[in-house]
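All remarks here apply to the structure that follows.
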Amino acid sequence: VDTATGGTAFNGVVEELKKLTTRVAHVLPVSDDGGSTAEIVRVLGGPAVGDIRSRCLRLSDQSTSEALAVRTLLGHRLPLDAKEAKLEWYDIVEGEHPLWKGVSKPYRETIRSFLAYFQNQILRRSNEIFCFSNGRLMVIGIGNFFFAGARIFFESLDAAIFLFSRVSDIPTESLVLPVISTNDRLTLGCELWDGTIIRGQNAISHPTNGCIERIDKGSTSIPALPSRIKRVFYMSSEDNSLLHELFPTANPTVLEQLRSVDCIIYAMGSLFTSICPSLVLRGVGEIISSRSCRKVLLLNSTHDRETSGFSASCFVTAISDALNRTYGDLHNCLQHPPSQYVNTLLVPKDGQVPVDIECLAAQGIIRVVCCLLLTYLSASCQMDKFYNYFIITVESLHDPKVGIIFEPRSLIQALANLLSDILQLYETISQMVFWNCALRATVDSSNGFENTSMEANIGNISIFGDVGSEATFRSMSETDACTRMLQRGKKRFKIFEDNVKFVESLNNYGSRSYKLGIKEFSKQTNDEFRPKGYKHLLSQSH
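Residue numbers for the sequence shown follow the UniProt record's numbering, so the first one is 1 and each next one is one higher.
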């Protein structure tokens, strides 16, 4: 799975995602000039690492007392008061702070050495006074100092991520990737439809007046943009000219992952400042448009300064324009339709962003996974206008800070369903809408899924096409249609389970070794993997 995400919006579901699979590449921007890393970038330069550090902490191990101690240390934030923050920082870097309790000597010496190196670097910048509290209610974390020290020492952002990943014991198959692998500072710019150019991510998404305040991207006190955003692009950090556009190279590892992953996810977050900066780079649109895998957009639940008045199709258009580089260099733009970049939409229950089904259909988005079926299939609607939409309930919850958000477990369950074998079966059905039923799925732990039967609340099911023609379906009761579909599902899973037992038996007898998961089992149709060949081949392996 490859996710293009911002720093904080997706963090809340990472813990649940780890239970499903750790085989995930997290692609993050490095252009944030605000928040907790602003002071580090101001004094020491380099890319912003706050989003990367935040994701690494979420992925870090918590299974032992020492792992928890390391995570607590690197996740600790200094006090708001600048003097108190500085004193506490000295206690930490000198190894005298209680946070070091539970951290063994090898880890202590490794972490302290890079914290000390960071301290040495800021002391060498005699013309800049470093403030250990950056003047807002979002203060700097110790992990940012460790990250910055490692990046400067190795002169490599990738090396710093590798070190942080090993120290915090992130699973080796979980990749945290900067979308641009650079040791330089990056500045994001945007062009509005009225021609206005805005410089800096902070100024685009949540401008401040310099006073102490908590950053709230959805706050109504933040002034609206004079016009909608047309495009985002990278600008020179050295030249204040608003016309000096840069074209950085995408991280080769990101492009490599995009070529091989089974699913691409555009996570919820600030659309133009957290998601699009990873999409406008050359090579990204070319690869994504060429893939036939699932390409899932997790729709935001609320509007912010960047997306005021947006509907679901507006989000799809913005992503498509970014990947096509529609409003950039005319010689390097693409012309792919939205459906080549997004083919599935997940919508949170009670979200405030309108889901304009007909506009999405015009864009070629035929899988809309949400809780809005009953609204759109009311008596006033034409049933056949919506029969080909893929509907699954994705529960939400209310966060007192940001409002409606995806309920993490429900979101990951929906993603699991999309990636599982049972929904590959449904892809052969040309026309479908779902009513309420529950299906059971068995998934393979070696491919990142739990090797247990899990209840998959797929949502209300009603089937067209697979049970016969639409006319045939209309002559059947809903109960008969559901029963027929469930029988097919059970038969399919029986074959799958027999295949699992068959391969495990061959492995136990040592005749051969297979590394097959859900996707491969669904592809293998020769006699060797059919249940009817199980006993015959098992007898040969003795």
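Idealized CB from N, CA, C, for every residue including glycine.
For residue j and residue i, the rounded distance between their alpha carbons
i           : j      : result
Leu32       : Gln413 : The identity of residue 32 in the sequence shown is Asp, whereas the question assumes Leu. So the alpha carbons of these two residues sit roughly 31 Å apart.
Tyr376      : Pro248 : Note on Tyr376: pLDDT 36, under 50, position unreliable in the model; the coordinate value appears next. Cα to Cα, the separation comes out at about 44 Å.
Asn324      : Ala148 : 34 Å
Tyr117      : Ser274 : 30 Å
Ser289      : Lys101 : 50 Å
Ser60       : Lys105 : 19 Å
Phe132      : Leu74  : 15 Å
Asp304      : Arg199 : 18 Å
Gly12       : Pro408 : 7 Å
Ser313      : Leu346 : 13 Å
Val30       : Pro207 : 18 Å
Ser311      : Glu395 : 19 Å
Ile129      : Thr64  : 39 Å
Val261      : Phe162 : 21 Å
Val341      : Arg42  : The displayed chain sequence assigns Tyr, not Val, to residue 341. Cα to Cα, the separation comes out at about 36 Å.
Val49       : Ile142 : 12 Å
Glu96       : Leu87  : 11 Å
Leu68       : Ile357 : 45 Å
Arg185      : Arg282 : 19 Å
Tyr327      : Asp321 : 8 Å
Lys349      : Asp399 : 13 Å
Ser237      : Thr187 : 6 Å
Asp466      : Asn343 : The predicted position of Asp466 is uncertain, since its pLDDT is 35 and thus under 50; a value taken from the coordinates is nonetheless stated next. About 21 Å.
Ile52       : Leu157 : 10 Å
Cys293      : Ile264 : 7 Å
Phe154      : Phe114 : 10 Å
Pro354      : Ile287 : 30 Å
Thr22       : Thr196 : 42 Å
Val284      : Leu28  : 14 Å
Gln352      : Tyr90  : 46 Å
Trp193      : Leu418 : 36 Å
Lys401      : His331 : 43 Å
Glu191      : Arg228 : 9 Å
Ser308      : Phe272 : 12 Å
Ala203      : Ile222 : 11 Å
Glu16       : Phe406 : 12 Å
Lys19       : Leu177 : 21 Å
Glu109      : Leu44  : 23 Å
Tyr107      : Ile170 : 15 Å
residue 552 : Ile122 : Any question about residue 552 goes unanswered here, given that the chain covers just 1 to 542.
Arg14       : Val24  : Reading the sequence as shown, one finds Val at residue 14 and not Arg. Answer to the nearest angstrom: the Cα atoms are 10 Å apart.
Distance between beta carbons of residue j and residue i, contact taken as under 8 Å
i      : j      : result
Ile111 : Phe146 : 6 Å
Ser270 : Ser205 : 5 Å
Asn144 : Gly46  : With 8 Å as the limit, Asn144 and Gly46 do not qualify as a contact, their Cβ atoms being about 11 Å apart.
Gly189 : Ser301 : Incorrect: roughly 27 Å between the Cβ atoms, too far for contact.
Val93  : Gln119 : 5 Å
Ala160 : Arg151 : 4 Å
Per-residue burial, residue i [other beta carbons within 10 Å of its own, 16 or more giving buried]
i           : result
Ala362      : exposed
Ser410      : buried
Arg124      : exposed
Thr172      : exposed
residue 545 : Nothing in the structure corresponds to residue 545, since the chain is present only between 1 and 542.
Thr8        : buried
Ala224      : exposed
Glu306      : buried
Ile319      : buried
residue 595 : Missing from the structure shown is residue 595; the chain here goes from 1 to 542 and no further.
residue 572 : Residue 572 cannot be examined here, being either before or after the span of the chain that is shown, 1 to 542.
Asn127      : exposed
Glu84       : exposed
Pro98       : exposed
Arg71       : buried
Arg259      : exposed
Residue i beta carbon near the ligand MN (any heavy atom closer than 6 Å)
i      : result
Val316 : The ligand MN is not part of the structure shown, which contains no ligands of any sort.
Cutoff 7 Å: residue i Cβ touching any chain D Cβ
i      : result
Lys105 : The structure shown contains no chain D; it is built from a single protein chain.
task: Count the CB pairs spanning the stretch 55 to 70 and the stretch 80 to 89 that are closer than 8 Å, and state whether there are at least three.
output: no
field: Complete alpha helix (DSSP H) runs within the stretch 237 to 286 (minimum length 4 residues, chain order)
entry: 252 to 260
message: Is it the case that the stretch 332 to 349 contacts the stretch 248 to 260, given that we only count it when at least three CB pairs across the two stretches are under 8 Å?
response: no
query: If we count Cβ pairs, one from each stretch, closer than 8 Å, do we get three or more for the stretch 285 to 300 versus the stretch 260 to 270?
result: yes
task: Kindly confirm or deny that the stretch 274 to 285 and the stretch 225 to 233 touch, where touching means at least three C-beta pairs closer than 8 Å.
output: yes
task: Let me know the alpha helix (DSSP H) ranges lying completely inside the stretch 299 to 365, each 4 residues or longer, listed in chain order.
output: 312 to 324, 357 to 363
field: alpha helix (DSSP H) runs contained entirely in the stretch 149 to 199, provided each spans 4 or more residues
entry: 157 to 167
Start-end ranges of the alpha helix (DSSP H) lying completely within the stretch 33 to 64, minimum 4 residues: 38 to 44, 50 to 59
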